[in-house]
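The sequence shown: position 53 = 53 (the UniProt record's numbering), numbered continuously. Ideal Cβ positions, reconstructed from N, Cα and C, are used throughout, including at glycine. Notes for the one structure printed next.
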Amino acid sequence: MPVETDANKLVNFCCINYRIGEDPVPLKPDRYQIFFFELNSEYPDWLWSLRTDRVPPPLSEIEPDTYYYWRRMRRLHNRHLNKLAEIDGWHKKQHRDGNSHSQRVYGDLAYAIEKWNYNKSPGGAMSTNSASSKVA
Numbered sequence: 001m002p003v004e005t006d007a008n009k010l011v012n013f014c015c016i017n018y019r020i021g022e023d024p025v026p027l028k029p030d031r032y033q034i035f036f037f038e039l040n041s042e043y044p045d046w047l048w049s050l051r052t053d054r055v056p057p058p059l060s061e062i063e064p065d066t067y068y069y070w071r072r073m074r075r076l077h078n079r080h081l082n083k084l085a086e087i088d089g090w091h092k093k094q095h096r097d098g099n100s101h102s103q104r105v106y107g108d109l110a111y112a113i114e115k116w117n118y119n120k121s122p123g124g125a126m127s128t129n130s131a132s133s134k135v136a
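See below:
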């Protein structure tokens, strides 16, 4: 598709036209001031306050009570975890099992917690059924 080079057309018309064979859509007048009178344009006010930078603002400039702030926090945290995973090898296929993750990270502590949870469960060694059968 050839690039439009006509300066008059680029300045006065929106060069995106999805209907073949129709004239391009003319741009509406912007907001401007003549002496003491302000002429409003047909564009909404929020259009002129949109952030157009490609780089996101730093977290220190974002209010912490907004959805955007926490979405950025989650994204940065996930990037951090992925970098740690790349170093430790969590991303490898043999390490994707959720059961082996706790064993690799916590070792004996994970084994002790699993054993303790098993003993507390109804089918475990310290279940209420086995205690009541000893009493009877």
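Establish whether the CB of H77 and some CB of chain D are separated by less than 7 Å.
-> The chain inventory of the structure shown lacks chain D, comprising one protein chain alone.
Mapping DSSP to helix, strand and coil, what is V55?
-> In the three-state DSSP reduction, V55 falls in the coil class, being neither helix nor strand.
In terms of DSSP beta bridges, what is V25 paired with?
-> C14, per the DSSP bridge assignment.
E114 versus K120 - alpha carbon distance | Roughly 10 Å between the two C-alpha positions.
Helix, strand or coil at I87 according to DSSP, with G and I counted as helix = Here I87 sits in helix by DSSP.
Is it the case that the Cβ atoms of F13 and P26 are separated by a distance below 7 Å?
-> For F13 and P26, yes; Cβs fall inside 7 Å.
How is E63 classed by DSSP in three states: helix, strand or coil?
-> Three-state result, E63: coil.
Which value, in whole angstroms, describes the spacing of the CA atoms of E86 and L50?
-> Roughly 36 Å separates the two Cα atoms.
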